[in-house]
Structure formats: C-alpha cells, structure tokens
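Engineer:
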Amino acid sequence: MKILLYCPQTADGIGNRVDEVIGRLVSGDEIEAIDSFEDLRARLRRRVGDLSLIILLAPTLEHFRRVLTVVDLLEDTRSILILPNRKPQTIAEALKLRPRFLTFADGDFRDLAEVVGKMLQINCPGRSADEEHRPTRL
Numbered sequence: 007m008k009i010l011l012y013c014p015q016t017a018d019g020i021g022n023r024v025d026e027v028i029g030r031l032v033s034g035d036e037i038e039a040i041d042s043f044e045d046l047r048a049r050l051r052r053r054v055g056d057l058s059l060i061i062l063l064a065p066t067l068e069h070f071r072r073v074l075t076v077v078d079l080l081e082d083t084r085s086i087l088i089l090p091n092r093k094p095q096t097i098a099e100a101l102k103l104r105p106r107f108l109t110f111a112d113g114d115f116r117d118l119a120e121v122v123g124k125m126l127q128i129n130c131p132g133r134s135a136d137e138e139h140r141p142t143r144l
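Sequence positions in the sequence shown follow our numbering and run 7 to 144.
#1: Which residues mark the beginning and the end of the alpha helix (DSSP H) in which ALA147 is found?
#2: Per DSSP, what kind of secondary structure is LEU31 in: helix, strand or coil?
#3: With a cut-off of 8 Å on the beta carbons, I'd call PRO105 and LEU63 a contact; round off their distance for me.
#4: Give the C-beta separation of VAL76 and ARG49 to the nearest angstrom, bearing in mind that I take them to be a contact with Cβ-Cβ under 8 Å.
#5: Which term fits SER85, buried or exposed, when burial requires 16 or more other beta carbons within 10 angstroms of its beta carbon?
#6: With C-beta atoms as the reference, is ILE60 less than 8 Å away from THR83?
#7: Taking the beta carbon of PRO141 as the centre, do at least 16 other beta carbons fall within 10 Å, making it buried, or is it exposed?
#8: If you drop the 5 nearest sequence neighbours on each side, which residues of the same chain put their C-beta closer than 7 Å to that of ARG72?
#9: Could you pull the DSSP bridge partners for LEU59 from this structure?
#10: Run the CB neighbour count on ALA100, radius 10 Å, all protein chains shown included, and call it buried at 16 or more, exposed below.
#11: From the DSSP output, in three-state form, read off ASP18 for me.
#12: Given a threshold of 16 other Cβ atoms within 10 Å of its Cβ, counted over all protein chains shown, does ALA98 qualify as buried or as exposed?
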C-alpha cells in the first residue's frame with residue numbers, strides 16, 4: 007500500500023503530529039511525504055494509480071483553498087482530508103473533493119489513525135494496524 011501524505015509544516019506543529027500518527031501505522035517505504043503545494047501538484051499530475059490513499063492536511067484556510075484547486079487531479083482516488091475548521095461552508099467545499107473521510111486540524115487525530123488502520127486492513131488482509139513504523143520525509 008502506497009500513501010501520499012501532503013503535510014505542510016506549520017509553526018503549531020500540526021504537520022508533525024499527522025506525520026507521527028501515520029508513521030505508527032505505515033512503514034516509511036510505504037509513505038511518500040510531501041510538504042510543499044507545488045510538489046503535491048506535480049506529484050498528482052504524474053500517474054496516481056500507484057497510490058492507494060492520499061492524505062491531505064489543510065491546516066489553514068489558505069492551504070485549503072490551494073488544495074481545492076487540484077480537485078480534477080484527485081478524481082478516482084481514495085483520499086482523506088484534514089480541514090482547518092468545522093464551519094459548514096468549509097465542509098461543503100471539502101465535499102467537492104469527494105474524500106473518503108473528513109477530520110479536523112484541531113483534533114487529536116485518533117479518528118484519523120482508526121480510519122487509516124481500517125483501510126490498511128481492508129487493503130492488506132492479515133496486516134496488523136498496530137505495527138510500529140516511522141515514515142521518511144521527502
């Protein structure tokens with residue numbers, strides 16, 4: 007299973023927390039971590055068929071607006087979106103990306119870990135969601 011993790015680094019460390027959560031579930035060689043939007047856009051323009059899951063962190067409204075611009079590049083992909091707030095307008099716009107799961111940047115990401123763990127078990131029967139791994143940042 008190959009996961010693309012768009013995780014822009016911010017002063018509050020949200021990106022590091024998401025990185026840690028996913029790193030507990032997936033080995034580093036299964037994660038392609040990207041922290042710049044330009045790199046995300048370039049990666050999505052290449053073949054995405056090798057990706058099982060795309061996790062997009064939008065810690066601010068500015069990041070979220072940028073993510074919305076790649077909606078056409080996310081077609082036919084399984085994605086998880088981490089939103090900057092819980093406002094109905096933000097959620098409504100996020101649904102245009104057709105994510106499999108939405109969560110919020112102000113949370114503790116237990117829900118994210120649970121969903122990714124279940125997705126891993128579905129895609130890789132026999133795999134334990136409790137495996138401890140650490141991703142490698144690109």
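Every residue, glycine too, gets a C-beta built ideally from N, C-alpha and C.
Structural biologist: To lay it out plainly:
#1: Nothing can be reported for residue 147, as the shown portion of the chain is limited to 7 through 144.
#2: Correct three-state label for LEU31: coil.
#3: With a Cβ gap of about 12 Å, PRO105 and LEU63 do not count as contacting.
#4: Wrong, their Cβ atoms sit about 10 Å apart, outside the cutoff.
#5: The residue in question, SER85, is buried, as its Cβ has 16 or more Cβ neighbours within 10 Å.
#6: Cβ atoms of ILE60 and THR83: closer than 8 Å.
#7: Residue placement at PRO141 is flagged as unreliable, the pLDDT there being 40, under the threshold of 50; the coordinate-derived value follows with that caveat. PRO141 counts as buried, since at least 16 other C-beta atoms from the protein chains shown sit within 10 angstroms of its C-beta.
#8: Excluding positions up to five away in sequence, the list reads PHE43.
#9: ILE9.
#10: ALA100 comes out buried.
#11: Coil at ASP18, not helix or strand.
#12: With fewer than 16 other Cβ atoms within 10 Å, it is exposed.
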